[in-house]
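Asks:
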Amino acid sequence: STSEPDSRRTYTLQNYLNNDYKYKTHNLQWISGNQYLHKAANGDMLRIDADTGTPSVILANTTLDKYKATTVILSPDQKYALLQYSYTKLWRHSYTASYHIYDFNSSSILDDSLLPNDTQYISWSPVGHKLAYVWNNNVYVKDSPKAQSVQITTNGAENKIFNGIPDWVYEEEMFGTHSALWWSPNGSFVAYAEFNDTAVPVIEYSFYSEDTLQYPKTIRIPYPKAGATNPTVQFFIVDTTIFPNIRPTKISPPAEIQSGDHYLSVVTWVTDERICLQWLRRIQNFSVLTVCDFENATGSWSCPQDKQRTEESETGWIGRFQPSVPHFAPDTSTYYKVFSNAVGYKHIHYVNGSQAPVPITAGKWEVISIEAVTNKFLYYISNENGGMPGGRNLYKVLLESSPNSTKCVSCDLNQERCQYYSVSFSKDAQYYQLDCRGPGLPISTLHRSSDDQVLRYLENNTDLENSLKDIQMPSKKFGFISLAGHNLSYQMILPPHFDSSKKYPLLLDVYAGPCSQKVDYVFRISWSTYLASTEQIIVASFDGRGSGYQGDQIMHAINRRLGTYEVEDQIEAARKFSEMSFVDKDRIAIWGWSYGGYVTSMVLGSGSGVFKCGIAVAPVSRWQYYDSIYTERYMGLPIASDNLKNYN
Numbered sequence: 001s002t003s004e005p006d007s008r009r010t011y012t013l014q015n016y017l018n019n020d021y022k023y024k025t026h027n028l029q030w031i032s033g034n035q036y037l038h039k040a041a042n043g044d045m046l047r048i049d050a051d052t053g054t055p056s057v058i059l060a061n062t063t064l065d066k067y068k069a070t071t072v073i074l075s076p077d078q079k080y081a082l083l084q085y086s087y088t089k090l091w092r093h094s095y096t097a098s099y100h101i102y103d104f105n106s107s108s109i110l111d112d113s114l115l116p117n118d119t120q121y122i123s124w125s126p127v128g129h130k131l132a133y134v135w136n137n138n139v140y141v142k143d144s145p146k147a148q149s150v151q152i153t154t155n156g157a158e159n160k161i162f163n164g165i166p167d168w169v170y171e172e173e174m175f176g177t178h179s180a181l182w183w184s185p186n187g188s189f190v191a192y193a194e195f196n197d198t199a200v201p202v203i204e205y206s207f208y209s210e211d212t213l214q215y216p217k218t219i220r221i222p223y224p225k226a227g228a229t230n231p232t233v234q235f236f237i238v239d240t241t242i243f244p245n246i247r248p249t250k251i252s253p254p255a256e257i258q259s260g261d262h263y264l265s266v267v268t269w270v271t272d273e274r275i276c277l278q279w280l281r282r283i284q285n286f287s288v289l290t291v292c293d294f295e296n297a298t299g300s301w302s303c304p305q306d307k308q309r310t311e312e313s314e315t316g317w318i319g320r321f322q323p324s325v326p327h328f329a330p331d332t333s334t335y336y337k338v339f340s341n342a343v344g345y346k347h348i349h350y351v352n353g354s355q356a357p358v359p360i361t362a363g364k365w366e367v368i369s370i371e372a373v374t375n376k377f378l379y380y381i382s383n384e385n386g387g388m389p390g391g392r393n394l395y396k397v398l399l400e401s402s403p404n405s406t407k408c409v410s411c412d413l414n415q416e417r418c419q420y421y422s423v424s425f426s427k428d429a430q431y432y433q434l435d436c437r438g439p440g441l442p443i444s445t446l447h448r449s450s451d452d453q454v455l456r457y458l459e460n461n462t463d464l465e466n467s468l469k470d471i472q473m474p475s476k477k478f479g480f481i482s483l484a485g486h487n488l489s490y491q492m493i494l495p496p497h498f499d500s501s502k503k504y505p506l507l508l509d510v511y512a513g514p515c516s517q518k519v520d521y522v523f524r525i526s527w528s529t530y531l532a533s534t535e536q537i538i539v540a541s542f543d544g545r546g547s548g549y550q551g552d553q554i555m556h557a558i559n560r561r562l563g564t565y566e567v568e569d570q571i572e573a574a575r576k577f578s579e580m581s582f583v584d585k586d587r588i589a590i591w592g593w594s595y596g597g598y599v600t601s602m603v604l605g606s607g608s609g610v611f612k613c614g615i616a617v618a619p620v621s622r623w624q625y626y627d628s629i630y631t632e633r634y635m636g637l638p639i640a641s642d643n644l645k646n647y648n
């Protein structure tokens, strides 16, 4: 078109580095069926009534500033709050911190000697105000903030025995949390795991920290690599109602798990006297779910065989990264769970004892997660809408209708702007916060479950919308490439005023790990935004074989063969891009981080002739160097009798 040249400025590298244009999210934390906490812009901690939206200040910013509190953890009965200070990050999720206990009754903090400094984890009981915490790798419980601490474990030792917290590999690859401690729903029992890393080989590296130190620190981490000795795990439950008696009861895994190396993978309390554990073999294609009950007469826990359920995969591994979480029905014995159906798509199944699981959903798409279950309905997130694997919408199943009727709650709320949602439900699923994360600017709304009506808008990013009007922003285009018998998705971030008669350089932004997804409907402002806006580079991504959320046939294609199809498919996608009229085939590059760095390195080493150059950040260089839980999930063991040939 011959319209006026666009005089608006582009999005620059400096804009990206300064984080100049960030969208707002609305952080809230449900504390009951109809109340949530929200930290206001001025730093006040507000308690808000979900129905009316009426806020009350429960902790003023002046109080939080006075105690240098960065985070507030409210007790469920709202009588106390933990005020966190001197936070020190450790690994991806773990950290230590110290805590003041604030008493709302006296509007002051309790004596600081009630808790040790540098706690590794702390948590209120789900009801009332008991406390459990981990300090120096040991578990402690307090009946109330002012009560004496009861020490539950005594064998905790740095880098050797971890009680109530995971070791490095469990934190990174299994739990994705900084704790391994679980309160029962009413706070009668505390369950915790004990990890023994005594025999795990240690990685040591120099860390050049503060420049005041003349010598670097040596960091030591028990780090099991592929095929190496793994940590062992034991699981205990302690009854907090019989203190000062401390009798942790050990729950052993079922025989078919116990017989070899194994993992504790998922812990789910059902009631105060029922807990559900999932155990996984070291070869991660076999897991067992057990339901364990408290026997009042003996004070012990039993896990009857008729309540066990085995999950196996013939074509790959269990779950996306580990077994999925079971969502128990109100009857506390049957549950809903996401796992692969007969044709390899991950769907919701209803499990009732030893009866055959009943499929609740089916189709050539996948359920991402179950979000809420009540007597009447079940909410889940899936990518069914529009056949877009990179979409996420909220659906509701009416369980009382026969057959179950399903409707999409979010699909039509704002079709253009919103096709990727996440959700957060109140304690009894009466209300929920719906977060639209793209493709347009994020919006956050509050809904009631009875009719799914929007009660109010929590955040709509109008300020950002207005400030972006002055900037030439890129656009995003989606498409499919047919490859290896599959229809596979790509996306392109296109420069402003994209002109298909021109030739643009193209950068392939890659991750491509198992169950990954780079092509999605999330709104992002990133380095790619700058490259497209200011440097006029197309930034493309492609989800090939091995990627997730499109069925096991695609995802398990790289089972036991990392570094093959997922690498070839990125090269093939780039070839297809190079044939597009608007791509300059002599200026195609590739870059990636972590698994993406590995794929970049493999692509550059393949001699395909498609790429001019590439950037590999923090790449895996050889699978024997990477950790056991991640690597073996996809590759098995690096021994001749297993899969050594595909490691080398």
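Going letter by letter, the sequence shown gives residues 1 to 648 in full-length UniProt numbering.
Ideal Cβ placement from N, Cα and C applies to all residues, glycine included.
Using the rule of at least 16 other Cβ atoms within 10 Å of the residue's Cβ for burial, across every protein chain shown, is K130 buried or exposed?
Replies: When all chains shown are included, K130 counts as buried.
Asks: Do S32 and K576 have their C-beta atoms closer together than 7 Å?
Replies: At least 7 Å separates the beta-carbon of S32 from that of K576.
Asks: Since I believe I246 is in contact with D238 (beta carbons under 8 Å), could you give me their beta-carbon distance rounded to a whole number of angstroms?
Replies: This sequence places Val at residue 238; Asp is not what is there. Confirmed, Cβ separation roughly 6 Å.
Asks: Return helix, strand or coil for K346, following the three-state DSSP convention.
Replies: In the three-state scheme derived from DSSP, where H, G and I count as helix and E and B as strand, K346 is classed as strand.
Asks: Among I242, N137, V202 and K142, which one has its Cα closest to the Cα of H178?
Replies: N137
Asks: Around the Cβ of C613, are there at least 16 other Cβ atoms within 10 angstroms (buried) or fewer (exposed)?
Replies: Per the 10 Å Cβ criterion, exposed.
Asks: When the Cα atoms are used, what is the spatial distance from N559 to N27?
Replies: 38 Å
Asks: Should V519 and S541 be called a contact, given that it needs their Cβ atoms to be closer than 7 Å?
Replies: yes
Asks: In this structure, how does DSSP classify M580 when only helix, strand and coil are distinguished?
Replies: coil
Asks: Go ahead and pull the three-state DSSP assignment for R561.
Replies: coil
Asks: Is DSSP giving W168 helix, strand or coil here?
Replies: helix
Asks: Look up residue 683 in the DSSP assignment and say whether it is helix, strand or coil.
Replies: No answer is possible for residue 683: it lies beyond the span of the chain, which begins at 1 and ends at 648.
Asks: Is K645 helix, strand or coil when you go by DSSP?
Replies: helix
Asks: Would the beta-carbon of V325 fall within 7 Å of that of V266?
Replies: yes
Asks: Do you know whose CA, among M602, G548 and P185, lies nearest G319's CA?
Replies: G548
Asks: Whole angstroms is fine: what's the gap from Q491's alpha carbon to K477's?
Replies: The straight-line gap from Cα to Cα measures roughly 6 Å.
Asks: Can you tell me the Cα-Cα spacing of I257 and S608, whole angstroms?
Replies: 45 Å
Asks: Is it the case that the Cβ atoms of S405 and L399 are separated by a distance below 7 Å?
Replies: no
Asks: Output the distance between the C-alpha atoms of W30 and Y36, rounded to the nearest integer angstrom.
Replies: 4 Å
Asks: Assuming D543 contacts L488 (C-beta within less than 8 Å), just tell me the rounded distance between them.
Replies: Their Cβ separation, rounded to whole angstroms, is 6 Å, which keeps D543 and L488 in contact under 8 Å.
Asks: Distance check for Q419 and S188, CA to CA, integer angstroms please.
Replies: 42 Å
Asks: Please confirm whether T529 and Y11 have their CB atoms less than 7 Å apart.
Replies: yes
Asks: What's the call for residue 697, buried or exposed, on a 16-neighbour Cβ count within 10 Å?
Replies: Residue 697 lies beyond the residue range present for the chain, which begins at 1 and ends at 648; the question has no answer from this structure.
Asks: Considering only residues of the same chain and omitting the five flanking positions on each side of G176, which have a CB-CB separation below 7 Å?
Replies: H93
Asks: Which residue from G363, Q214, W317 and P638 puts its Cα closest to that of T229?
Replies: Among G363, Q214, W317 and P638, the Cα nearest to that of T229 is on P638.
Asks: Do the stretch 496 to 515 and the stretch 45 to 57 touch if we need at least three Cβ pairs shorter than 8 Å?
Replies: no
Asks: Please tell me whether residue 657 and Y345 are closer than 7 Å, where the distance is taken between their beta carbons.
Replies: Outside the shown range of the chain, which is 1 to 648, sits residue 657, and nothing can be said about it.
Asks: Across the stretch 181 to 197 and the stretch 157 to 173, are there enough close Cβ pairs to call them in contact, namely three or more that are closer than 8 Å?
Replies: yes
Asks: Can you pull the DSSP bridge partners for F294?
Replies: W301
Asks: Note down, one range per segment and in chain order, each alpha helix (DSSP H) of at least 4 residues found wholly within the stretch 234 to 318.
Replies: Within the stretch 234 to 318, the alpha helix (DSSP H) runs of at least 4 residues that lie entirely inside it are, in chain order, 255 to 258.
Asks: Opposite K396 in the DSSP bridges: which residues?
Replies: Y379 and K407
Asks: So who's on the other strand from L604, going by DSSP bridges?
Replies: The partner list for L604 (beta bridge, DSSP) is empty, contrary to what the question assumes.
Asks: Would you mind sorting residue 653 into buried or exposed? The rule is 16 or more other CB atoms within 10 Å of its CB.
Replies: This structure does not reach residue 653, given that the chain is present from 1 up to 648, and the question cannot be answered.
Asks: Taking only three categories from DSSP, how would you classify Q570?
Replies: helix
Asks: Can you give the beta carbon distance from G569 to L494, rounded, assuming they're within the 8 Å contact cut?
Replies: It is worth fixing the name first, because residue 569 is Asp in this sequence and not Gly. The beta-carbon distance between D569 and L494, rounded to whole angstroms, is 22 Å. This is too long to meet the 8 Å contact definition.
Asks: Give the DSSP bridge partners of K337, in chain order.
Replies: H349
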